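So for the sequence shown, our numbering puts the first residue at 12; every next one is plus one. Cβ atoms here follow ideal geometry from the backbone N, Cα and C, with glycine treated the same way. Bear in mind that the values here come from a model prediction, so they are computed numbers and not experimental data. First up is the structure itself, then whatever we jot down about it.
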Amino acid sequence: FGVARSKEDIAELIETLGLENTVVKPDGLTGGKGVKIFGEHLASKDEVIDYASSLIAKDGAVVLEQKLSGIEFTVQTLVDGHRIVPMPLVRDYKRAYDNDTGPNTGSMGSYSQRDHSLSYISPSDLEEALDIMRAVVRGLAEKAGARYRGILYGQFMKTDRGIHVIEFNARYGDPEALNVLTILSDSADEVYQSLIDSRLIIPRFRNLATVCVYVVPQGYPGPDVVRDAEITIEERSQSVIYYASVYEREGRIFTTGSRALGVLATAETVEEARRRAYADVSKISGPVRYRTDIAANVREVG
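Here you go:
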């Protein structure tokens, strides 16, 4: 990858990466919706240059990197300045529409398995990802002169060429936080205090599968997203609803233009958690939509 600050830089990076392998990323936060890929969102070299140039005009720089093909997974960890402890692995779904099509979003849903692993991730895959995260924590200590204490989120992609970093955040993922915190057995207060005190308690999590489905306004994540529209929710029985980008007025719920509701269910299997989540998603009415394939066809072992 490389950072471009001019059209000349952009052209050089396209030449180095190869146009067909070029991914354009904003140099900053965009709610998961700023990445564009040649061949999917950008149809020509001119479109790549124009989009990258618009980001330079906005942010002063733009990132161009090589396209990766594989399957993603999220590792959320607790770091007490010395140790790094992983929480249950989660897979999320970034694309707006079924079958992983359409533009990127903040995420349309996620799942975790009862054994806190993912069927397609081996112990060595996880260890490789954790080694990368440990190196980041060491680097922070060496360069910043202080040991990092807090949440470290790593999103990775498993490819034919090994494990690659997609992004890092000094916070939980959204919605991945919902998957892991819903099944946390210990007191979150005690876990966080132990982290601050550099005597991290190894947190315990219930052996339950989780599935989270995001309900979003029609038009999300595009410019024609429906705003200020009322959502009605029938009585639910099998899930927890987390309110996101909504507001309340006179006891009624309205959309703001981003992801509105996260519907999360737990069960002994991903299949049953998925059934419960979608049963309650179907009780939500209004100008909204959701992906129908979150956690579909998950192969669980054991």
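Under a 10 Å Cβ-count criterion, Val59 is classified as buried, with 16 or more other Cβ atoms of the shown protein chains found around its own Cβ.
In the three-state scheme derived from DSSP, where H, G and I count as helix and E and B as strand, Thr27 is classed as helix. In this structure, the alpha-carbon of Thr27 lies about 37 Å from that of Val236. The residues Val222, Gln249, Ser250, Ala284, Arg287 and Ala288, in chain order, have a CB closer than 6 Å to that of Ala276 in the same chain once the five nearest residues on each side in sequence are set aside. In this chain, Pro298 is not harboured by any alpha helix (DSSP H), its DSSP state being neither H nor E.
Judged by beta-carbon spacing, Arg263 lies beyond the 8 Å limit of Asp291, meaning their Cβ atoms are not closer than that value.
The C-beta of Gly71 has fewer than 16 other C-beta atoms within 10 Å across all chains shown, which makes the residue exposed. One alpha carbon belongs to Glu31, the other to Gly50, and they sit about 7 Å apart.
In the displayed model, Thr170 falls within a strand according to three-state DSSP. Between the segment 189-200 and the segment 226-243, the count of C-beta pairs closer than 8 Å stays below three; the two stretches do not touch. Residue range Glu187 to Thr193 is occupied by the alpha helix (DSSP H) that includes Thr193, with no beta strand (DSSP E) assigned at that position.
If you draw a 10 Å sphere on the C-beta of Leu40, you find fewer than 16 other C-beta atoms in it, and that means exposed. Just measuring C-alpha positions, the residue of Ile244, Ala255 and Tyr159 sitting nearest Ser209 is Tyr159. Between the segment 143-155 and the segment 82-101, the count of Cβ pairs shorter than 8 Å is three or higher; the stretches touch. According to the DSSP assignment, Ser135 belongs to the alpha helix (DSSP H) that extends over Pro134 to Ala155. Secondary structure of Ile162 (DSSP, three-state): strand.
The three-state reading of DSSP puts Glu282 in helix, counting H, G and I together. Rounded to whole angstroms, the separation of the alpha carbons of Asp142 and Ala152 is 15 Å.
The Cβ-Cβ distance between Leu219 and Glu311 does not fall below 8 Å. Thr33 and Ser17 have their alpha carbons spaced roughly 16 Å apart.
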